[in-house]
Amino acid sequence: MSFRTTAASIATATDYVEDVSPGRGALPPRAWYASSDAGSLSLNGSWRFRLSPTADGADDSFAVPGFDAGDWAEVTVPGHWVLQGDGAFGSPIYTNHLYPFPVDPPRVPTQNPTGDHLHVFDLPSDWPDLSDGGAVLRFDGVESCARVWLNGTDIGEFKGSRLAHEFAVGQLLKASGNVLAVRVHQWSAGSYLEDQDQWWLPGIFRDVTLLHRPPASVLDFFVHSSYDHTTGEGTLRVESDVEGRVTVPELDIDVRTGDPVTVAVEPWTAETPRLYDGELVTAGERVPLRIGFRTVELADGLIKVNGKAVLFKGVNRHEWHPAKGRTLDLETMRADVLLMKRHNLNAVRTSHYPPHPAFLDLCDEYGLWVIDECDLETHGFTEQNWRDNPVDDDRWTPALLDRASRMVERDKNHPSVVIWSLGNEAGTGRGLTAMAQWIHSRDSSRLVHYEGDWDCRDTDMYSRMYADHAETERIGQGLDGGTQKRRQLPFILCEYGHAMGNGPGGIADYQRIFEAHDRVQGGFIWEWIDHGIKDERFGYAYGGDFGEELHDGNFVCDGLIFPDRTPSPGLVEFKKVIEPVRIGGDGTDGTVRVTNAYDFGDLSHLRFEFSYQVDGLPTGAHPLAVPPLAPGESAEVKLPASAPDGNGDEVQWTVRALLAEDTPWAGKGHEVAWAQQTVAPRAPLPAATGTGPTAEGDRITLGPATFDARSGALRSIGGVEVTGLRLDVWRATTDNDEGASWQDDTRHGVLWRQLGLHRMQHRIEAVESDGDALTVRTRVAPAAREVGLRTVYRWTSDGTRLRLTVSVVPEGDWKVPLPRLGVRFGLPAESTDTALWYGSGGEAYPDTRAAAKHLQWDASVEELQTPYVRPQENGARADVRWVELGGLRIDGDPEFWFTARRWTSEQLDAADHLTDLTPGDTVWVNLDHGQQGIGSQSCGPGVLPPYLLRVQPAEFSVVFSPIDG
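Taking the working numbering, the leading residue of the sequence shown gets 1, the next gets one more, and so forth.
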């Protein structure tokens with residue numbers, strides 16, 4: 001390898017745009033490193049910019065030194081031009097898999113937005129003499145095709161948006177007034193290989209850097225650092241294109257490049273990311289190394305690291321920032337990694353392209369397993385049954401191999417990278433086989449993944465996306481069939497738990513399957529972050545908000561964190577589901593069972609805390625003595641105190657596993673795992689009888705309440721105005737309720753609307769006073785349908801408390817479950833600012849309630865809302881024993897789900913963006929006896945049978961009490 005750029009002629013000025021080759025002039029790919037003692041100059045910053053509507057819309061004169069670009073606009077590099085200029089430079093386009101141009105490979109539209117970028121720079125005063133070595137110009141990411149000139153000389157062009165490209169430019173540099181010109185085309189032949197589910201965002205979106213290359217400086221190098229778990233020794237060998245020495249002072253290593261050395265080491269794992277600082281020294285350069293010793297292998301039909309099978313608790317991560325798109329700075333990347341670690345994730349799939357290389361440095365440092373995925377997806381060819389798919393066309397194979405090699409060579413020295421992925425949703429074909437063969441031959445120390453290879457012809461594992469629970473169970477049991485090779489391989493779900501809007505539901509059920517079957521080695525939630533674009537009109541924009549001809553709506557907002565990186569309830573749920581310590585038992589015998597669910601580490605880094613709580617209030621914490629259990633070990637641990645007498649209130653215990661000391665990713669006391677158990681249930685609610693209803697004119701009085709005499713409608717309780725109390729079965733459908741249009745299984749949101757559950761009518765059949773009670777008999781049903789719900793409201797009182805018992809009996813042939821079942825009513829907003837309750841602290845639904853920690857909580861009505869980018873049902877608190885709000889206390893018999901909003905469910909359902917919701921004068925409260933589960937049917941399985949809200953007779957009660965003062 002050498003730093004020499006070769007030039008080649010092309011037929012016309014823009015033929016390269018539709019050329020299937022990866023480009024010309026770029027140097028061979030090599031290992032990326034963040035710094036060395038050789039000089040470098042960042043060329044990031046403000047660049048002059050001109051946008052043309054077509055690839056040949058302007059000539060090349062702008063690349064000539066002396067060109068006057070004084071009237072050009074400016075853009076920030078790195079960045080996407082469509083996210084700058086307040087719309088003057090075009091708009092983003094979102095499609096899931098459809099190409100936003102005619103499919104005619106390798107041709108692209110004549111209307112091809114093309115951005116000319118111009119940057120003039122001087123070399124710093126301490127830059128070495130121009131005769132001292134050479135220089136390399138590096139682009140870390142440009143979408144989708146670029147042609148580059150330096151000081152008027154055409155040095156080449158390239159495709160491969162999320163891949164690094166370098167050019168030798170030493171002979172072209174001068175001390176000052178260097179003119180760097182880059183022409184970037186939005187569409188190119190390369191676009192056919194980059195049909196990932198994300199925004200199409202052209203521009204120079206990663207760093208541009210000038211690197212000095214002293215004589216005998218480092219070219220490419222490969223750090224081989226294996227670990228033998230049977231001896232505790234690591235073997236280091238560094239291959240280098242330029243001869244030098246490798247030193248690791250902590251290990252007393254000082255050897256020539258190419259020579260192996262074996263020493264006792266601490267291994268690198270995602271749980272214990274032990275790195276050793278070293279240095280690669282040639283005659284011209286010193287490059288810092290961060291070395292992690294670990295061995296990845298396929299053994300006994302399992303993916304093993306350092307001799308142990310691993311369970312991936314992972315997530316798919318696109319790069320995203322709501323204002324900067326795929327341009328991320330180091331601190332944003334660090335924020336992602338820290339959030340992942342603090343929420344118990346141990347793995348990342350870099351969907352669907354290699355990330356900024358600094359992200360992998362962070363994965364090495366903090367500890368995350370990485371599936372590094374190639375910048376390849378041709379999903380749009382599925383619309384024509386994969387006809388003309390580039391991965392099965394030999395003309396494209398050089399481009400595929402170029403993409404594979406640029407990924408592998410750039411990232412090969414990261415211990416966090418344990419699996420290479422060929423790409424995503426690109427069908428099958430000879431090109432993928434060529435990629436797999438090249439990767440296996442270049443790097444036998446890692447495994448190869450590709451989900452589309454169901455026969456596992458080219459891969460080292462069986463991978464699927466969105467296999468439902470039952471199929472995943474069959475695969476775990478070895479009952480899935482397939483080729484002989486496949487049956488002997490481990491299985492992962494490279495995508496599951498589609499986190500679009502409210503959800504995903506059912507991930508705890510997946511985790512139970514993962515942990516029950518060795519063959520099933522976990523999975524990766526889709527996905528990490530909502531790709532909402534910050535927008536003055538909507539808060540966050542999604543597909544269609546920029547007038548795209550084709551788009552896939554809010555399917556781009558399907559992450560565990562919101563665009564501003566606030567964790568969603570889905571991430572909180574996932575943290576609980578995958579927690580690495582299991583705590584169980586009912587405590588009745590004075591013990592709890594603690595199990596270490598880590599793959600490698602013991603529990604010595606944790607301290608355990610135990611407390612009782614009465615009516616949701618802790619009575620004081622005690623240390624809990626838990627031995628430093630090895631992975632997989634369990635122990636019965638004696639509780640340090642006996643349960644208090646609740647005097648009729650519920651008594652529970654809580655055990656928490658906390659970090660004993662500060663770690664690089666979280667501080668001392670950070671909660672890693674927890675469990676709760678009820679010791680003594682609360683006493684039954686009082687009957688609230690003894691005071692009968694009295695009628696006076698158009699009003700009926702019952703204890704603290706007044707009712708309309710004609711309709712039986714509740715008007716007030718203890719002077720608190722109450723509006724519109726009635727049975728409610730509708731919820732603003734979630735993305736997972738609506739399901740995906742391509743799915744052929746039952747989509748309940750669609751069926752609910754067809755049945756008319758969003759427009760139920762309430763007929764009053766009788767208002768009866770029978771001495772002790774006020775009874776209102778109704779029938780609730782949708783227009784045009786015969787099915788209905790015979791609903792009886794029975795009100796009683798003891799003079800101070802008011803009890804409502806609701807009895808529901810279905811009529812007709814109900815073929816769908818209900819969205820919800822409960823009562824809804826309104827309270828004056830001016831006096832209903834906050835709520836205090838005993839139940840789950842955060843949002844929880846039947847299949848998303850693993851993280852429902854039961855304590856007393858308080859929140860404002862605004863804080864009770866979950867700000868999903870597309871508004872939908874949200875914010876329900878589960879297992880609520882009682883709630884206080886708006887001057888009322890409400891106790892449940894049994895517990896209920898509770899929501900409160902300053903808009904109705906119908907208004908929430910009609911909204912497309914959060915800015916469509918306008919707070920009204922009423923806070924609408926739902927007390928639900930039942931809720932339908934959530935599932936992940938926006939791109940996965942629907943609600944599992946145990947979480948369906950089936951239509952059947954039901955009865956539930958709530959007791960209202962005015963709060964004094």
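From the three backbone atoms N, C-alpha and C, an ideal C-beta is built for every residue, glycine too.
Distance between residue j and residue i (C-alpha atoms, nearest Å)
{"i": "Ser91", "j": "Ala660", "result": "49 Å"}
{"i": "Gly886", "j": "Glu895", "result": "20 Å"}
{"i": "Ser957", "j": "Thr775", "result": "14 Å"}
{"i": "Thr998", "j": "Val951", "result": "Absent from the structure is residue 998, since the part of the chain shown begins at 1 and ends at 965."}
{"i": "Ile717", "j": "Val823", "result": "16 Å"}
{"i": "Arg519", "j": "Gly476", "result": "5 Å"}
{"i": "Arg410", "j": "Gly284", "result": "21 Å"}
{"i": "Arg820", "j": "Asp735", "result": "16 Å"}
{"i": "Asn413", "j": "Ser240", "result": "12 Å"}
{"i": "Leu493", "j": "Ser463", "result": "6 Å"}
{"i": "Asp394", "j": "Gly429", "result": "9 Å"}
{"i": "Asp602", "j": "Thr272", "result": "10 Å"}
{"i": "Ile529", "j": "Asp68", "result": "42 Å"}
{"i": "Phe608", "j": "Val883", "result": "31 Å"}
{"i": "Leu193", "j": "Asp154", "result": "25 Å"}
{"i": "Asp129", "j": "Val281", "result": "22 Å"}
{"i": "Gly232", "j": "Cys456", "result": "33 Å"}
{"i": "Thr566", "j": "Leu172", "result": "47 Å"}
{"i": "Ala168", "j": "Val136", "result": "5 Å"}
{"i": "Glu157", "j": "Phe600", "result": "46 Å"}
{"i": "Leu275", "j": "Ala470", "result": "41 Å"}
{"i": "Pro618", "j": "His605", "result": "25 Å"}
Spatially closest choice to residue i from the options, by CA coordinates
{"i": "Trp857", "options": "Arg820, Trp674, Phe898 and Arg519", "result": "Phe898"}
{"i": "Val808", "options": "Leu818, Thr800 and Pro215", "result": "Leu818"}
{"i": "His97", "options": "Gly45, Ala264, Gly427 and Thr904", "result": "Gly427"}
{"i": "Ser188", "options": "Tyr99, Gly152 and Gly587", "result": "Tyr99"}
{"i": "Trp653", "options": "Leu639, Trp200 and Asn647", "result": "Leu639"}
{"i": "Asn647", "options": "Pro78, Pro684 and Leu289", "result": "Pro684"}
{"i": "His449", "options": "Ala850, Leu432, Ala470 and Ser421", "result": "Ser421"}
{"i": "Pro962", "options": "Ala705, Val780, Ala844 and Arg902", "result": "Ala705"}
{"i": "Pro563", "options": "Asp336, Arg759, Pro113 and Asp392", "result": "Asp336"}
Beta-carbon contacts of residue i that lie in its chain and below 6 Å, excluding the five residues immediately before and after
{"i": "Ala675", "result": "Ile583 and Val655"}
{"i": "Gly616", "result": "Tyr838, Leu855 and Gln856"}
{"i": "Gly497", "result": "Pro504, Ile507, Ile525 and Ser936"}
{"i": "Asp480", "result": "Arg474"}
{"i": "Thr6", "result": "Because the pLDDT at Thr6 is just 40, under 50, the model does not fix this residue reliably, and the point stays unresolved."}
{"i": "Tyr353", "result": "Arg162 and Asp375"}
{"i": "Val261", "result": "Leu236, Ile253 and Val255"}
{"i": "Arg726", "result": "His762"}
{"i": "Tyr947", "result": "Pro846, Asp847 and Gly933"}
{"i": "Gly692", "result": "Gly771 and Asp772"}
{"i": "Ala673", "result": "Glu579, Val581 and Ala657"}
Residues near residue i by beta carbon distance below 8 Å, same chain, minus five either side
{"i": "Arg334", "result": "Leu362"}
{"i": "His229", "result": "Pro267, Thr295, Asn306, Gly307 and Lys308"}
{"i": "Asp177", "result": "The amino acid at residue 177 is misidentified as Asp; the sequence shows Gly. Excluding residues within five positions, the ones whose Cβ falls inside 8 Å are Pro65, Val120 and Asp122."}
{"i": "Asn554", "result": "Met500, Gly501, Tyr542, Gly543, Asp735, Val869 and Arg870"}
{"i": "Glu721", "result": "Arg715, Leu827 and Pro828"}
Nonlocal neighbours in the same chain, by C-beta distance under 7 Å from residue i, ignoring five residues either side
{"i": "Phe89", "result": "Leu51, Trp81 and Val82"}
{"i": "Ser416", "result": "Leu360, Cys363, Asp364, Leu368, Trp369 and Val370"}
{"i": "Asp964", "result": "none"}
Contact test: residue i Cβ vs the ligand FMN heavy atom, cutoff 7 Å
{"i": "Glu549", "result": "The model on display carries no ligand, and the ligand FMN is accordingly not part of it."}
Identity of the residues DSSP links to residue i by a beta bridge
{"i": "Met760", "result": "Pro782"}
{"i": "Glu194", "result": "Glu377"}
{"i": "Ser225", "result": "Leu236"}
Expected contact under 8 Å - CB spacing of residue i and residue j to nearest Å
{"i": "Arg870", "j": "Cys557", "result": "7 Å"}
{"i": "Pro846", "j": "Gln931", "result": "6 Å"}
{"i": "Arg990", "j": "Leu211", "result": "Outside the displayed span of the chain (1 to 965) sits residue 990, for which this structure offers no information."}
{"i": "Tyr612", "j": "Ala643", "result": "6 Å"}
Closer than 8 Å to chain D by CB, residue i
{"i": "Ala876", "result": "Absent from the structure is chain D; it holds one protein chain and no more."}
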